[in-house]
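One structure is given below, encoded as structure tokens.
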Amino acid sequence: MKNIVLFGPPGAGKGTQAEVLKDKYNLVHISTGDVFRFNMKNDTELGVLAKSYIEKGQLVPDEVTINMLEAEVEKNPQANGFIFDGFPRTESQAEALDTFLAKKDAGINGMIALEVNEEELKTRLTERAKTSGRADDADPVVIQKRIDTYNAETAPVKDYYEKQNKYYGINGVGSIEGITSLISKVVDSL
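Here it is in structure tokens:
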């Protein structure tokens, strides 16, 4: 079983790469963003709660996110592994994920981080707002808040995986195929 954390700031290309990798390696892609958006669109209790944080550019509280993720893993008991996209976002979430996976005699094989500069992120998010209709990508103030939140609260998760020798930084600027090739070399080595 291969379990990969696909990491990077908003707009780094995690979702795009996860779609390619899930097919190539027969893994289940769990995107917290997609799960939150589904719940928000359907006005579930989780969706309403998540929306109140996301609209302010804040992270959804750990307990809500962790419970949701565990439910998604449980839906796929025969999986060959998982790509965690958008999770963990804090060191406490990383610890909770390790604890949860350990109960299943599994763990995270590696964290692959897509590294993209801030100006490129802003350009990508603005473009994504036009093509996907995602309101959280349209407002420059919210975009900056999301990037600042990532830098302050999420980027330190890198240290957590670095201490375990499970961190792999990848240049996230270039062609989709080129970036996929770089990521695949890492996945093949895990």
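Take the sequence shown: its position 161, counting from 1, is numbered 161 in full-length UniProt numbering, and each next residue is one higher.
Glycine is no exception: its CB is placed at the ideal position from the N, C-alpha and C atoms.
Suppose contacts are defined by Cβ-Cβ distances below 8 angstroms. Is residue i in contact with residue j by that definition?
i, j, result
"Leu190", "Gly110", "yes"
"Asp46", "Val73", "What sits at residue 46 in the sequence shown is Leu, not Asp. No, these two residues do not count as a Cβ contact at 8 angstroms."
"Val28", "Thr180", "no"
"Asn80", "Asn26", "yes"
"Thr154", "Thr90", "yes"
"Phe82", "Ile30", "yes"
According to DSSP, simplified to helix, strand and coil, what is residue i?
i, result
"Gly81", "strand"
"Leu59", "coil"
"Ser52", "helix"
"Ser31", "strand"
"Lys2", "strand"
"Phe7", "strand"
Within 10 angstroms of the Cβ of residue i, are there 16 or more other Cβ atoms? Answer buried if so, exposed if not.
i, result
"Ala50", "buried"
"Asp85", "buried"
"Lys103", "exposed"
"Val141", "exposed"
"Ala71", "exposed"
Where residue i and residue j are concerned, what is the direct C-alpha to C-alpha distance, given to the nearest angstrom?
i, j, result
"Thr32", "Gln164", "24 angstroms"
"Lys22", "Ile4", "10 angstroms"
"Val173", "Val116", "6 angstroms"
"Glu95", "Tyr168", "18 angstroms"
"residue 208", "Pro9", "It is not possible to answer for residue 208, since the shown part of the chain is limited to 1 through 190."
"Gly107", "Met68", "18 angstroms"
"Val35", "Lys185", "28 angstroms"
"Gln144", "Gly11", "12 angstroms"
Length-filtered (4 minimum) alpha helix (DSSP H) runs lying within the stretch 93-168: The stretch 93-168 is shown to contain whole alpha helix (DSSP H) runs of 4 or more residues at 118-132, 140-149, 157-162, in chain order.
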